[in-house]
Structures are given as C-alpha cells and as structure tokens.
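K.L.:
Pasting a structure below so you can have a look.
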Amino acid sequence: MSKVRYKFKCVFCGNCCSDKGTIVNLTYLDILRIVRGLNLSEHEILELLGFFVFSSDLSEETLQKMVIPPITTLKGKAFVGLLKNVEGACIFLKDNLCKIYNLRPMFCRSFPFSFKTKDIDPMDKKVEIHMYYTSKALEYCKGISDDAPYINNKKWIKIGNKITKELQENAQFIEIWNMNVEKGRIQPTAKNFIKMIFRYDKK
Ligand code: SF4
Ligand code: SF4
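Residue numbers 506 to 708, in the working numbering, belong to the letters of the sequence shown in order.
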C-alpha cells in the first residue's frame, strides 16, 4: 500500500466539475449505472453523452498510456464523456453540487487522485495500487491544502482497487467493440455503442 501521506478534504468549490478543459470520461459501467439509476432509455442516455473524436492519429505509445482506451467511431477514435453546458461545466452540476452524486462516474469518485497498479507477484496475480494527485487536481483543487487533514489511505486504496478492476473490465468491453467494428460486424455509430451497453446490462 502507498506509504505517502496526502492531504485533502473536498470544499465543494466545483472546480473539477466546471473546468472547461476536462471531459468527464466514462466507462461503459459508468453509463450503465446512470442508465439504471435514472431509469433512462437508449435515446435519453444518448442525449447526455458526447463522443469526443481525437483530432489527430494516436501513437501506439499514447494509446498504451490511456486508462480508458478510445473507441472506434465513424469519425475516428473517440472517447465517451458527459456533455457540458454552455459555460463548459458538466451538465449535472447545479449550484456547485452534483445532481447525480450517488451515480457519479469513477472519474469523479477518484478525483483528486489517480491510481496505477504494479505487479508484485505476476504468478499470483497480486498487484499493488499506487496513488497520486492528478495534474489537474494540483492545478485547481481547493481541497488540497496544508490546512486539509490527511486522507485515510486505506479507504482511498479501496476505491483505487475498485476503479482499476472496473477499468480492466471496461478495456475488455472496448476491445470487443473495436474488434467487431474492425471485422465489419457492427456499424460504429453512437446508437450501436449504446445498444451494446444495454445488451451487456441484460447479461
Ligand atoms: S458527474 Fe457530478 S461529480 Fe462528475 S463532473 Fe458531473 S457534476 Fe461533477
Ligand atoms: S476541485 Fe477539489 S475541492 Fe473542489 S469540488 Fe472538486 S474535489 Fe472538491
């Protein structure tokens, strides 16, 4: 477990939810949680999502570094995120509070931290979770300060564990999507992507 001690206490400044330059990237499980929690149809969830297409080709190195791999769409590689309002804030932010707090995506749950795994015993599939402040958090999170209390590392590592498992599951889901698109088995439209997520819900 991480031995470094971190200081943080959310002061609800809303900076992480209103940063114009941040897209709230979603896993397919995040989408499912929102769909179930708000009881949304395929059409309704599509109204809340953006398919953000990468403007340039991605190198293999960049792809390897991405915790959420991009999906193949008709317009190129893209990632799926929550839409933003005209001011650039997340559509679910209201009076600096999250309207879907209990259903908020993993990306929001883990902020201001990011997690990475390190194999400590590959034979035994044992991994160690390391955590660190994200660069965006260091830029604008008012909850990180000398006056803030030390966080409970155990609690956060538990969150990190859950997130890393979910990211692996999501990577498999995206691999299947991309493979089906490559083989011409599926038209890579936003509608079909959501349909595949709904099919997984029934599994
Ligand atoms: S889903 Fe909620 S916590 Fe996440 S960015 Fe939007 S308002 Fe903020
Ligand atoms: S930027 Fe930091 S302090 Fe502000 S709402 Fe987000 S997590 Fe809380």
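Glycine included, each C-beta is placed from N, C-alpha and C at the ideal position.
Owing to the predicted nature of the structure, the values given are computational and were not obtained by experimental measurement.
Of the residues P617, T527, M611 and P574, which one's Cα is nearest the Cα of F517?
P.N.:
Taking only the C-alpha atoms, the option nearest F517 is P617.
K.L.:
For C595, verify whether its CB is less than 8 Å away from any heavy atom of ligand 2.
P.N.:
Flag unset: Cβ of C595 not near ligand 2.
K.L.:
Compare the beta carbon distance of F556 and V585 with 9 Å and say whether it is the shorter of the two.
P.N.:
Cβ distance < 9 Å, so F556 and V585 count as in contact.
K.L.:
Measuring straight from C-alpha to C-alpha, what distance separates N590 and D524?
P.N.:
Straight-line Cα distance between these residues: approximately 11 Å.
K.L.:
Please state whether DSSP places E633 in a helix, a strand or coil.
P.N.:
Correct three-state label for E633: strand.
K.L.:
May I ask you to report which of helix, strand or coil DSSP gives Y511?
P.N.:
Correct three-state label for Y511: coil.
K.L.:
When you compare only the Cα positions, how much space is there between E687 and I596?
P.N.:
Straight-line Cα distance between these residues: approximately 33 Å.
K.L.:
So, is Y533 buried or exposed, given that buried needs 16 or more other C-beta atoms within 10 angstroms?
P.N.:
The residue is buried, with at least 16 neighbouring Cβ atoms inside 10 Å.
K.L.:
Quick check: what's the CA-CA separation for K604 versus M611?
P.N.:
Cα to Cα, the separation comes out at about 15 Å.
K.L.:
With a threshold of 6 Å on Cβ separation, who are the neighbours of L608 within its own chain once the five nearest residues in sequence on each side are excluded?
P.N.:
The residues are R538, I539 and G542.
K.L.:
What's the gap between the Cα of K512 and the Cα of K696?
P.N.:
Straight-line Cα distance between these residues: approximately 42 Å.
K.L.:
Is it buried or exposed for N544, if we count other Cβ within 10 angstroms and need 16 for buried?
P.N.:
Looking at its Cβ environment, which holds fewer than 16 other Cβ atoms inside 10 Å, N544 is exposed.
K.L.:
Taking a contact to mean a Cβ-Cβ separation below 9 Å, would you say I634 touches I662 in this structure?
P.N.:
It is a contact, given that the beta carbons lie within the stated cut-off.
K.L.:
Can you list, in chain order, the stretches of the beta strand (DSSP E) that have 3 or more residues and sit fully within the region 546-592?
P.N.:
Here the runs fully enclosed are 554-558, 576-578 and 581-587.
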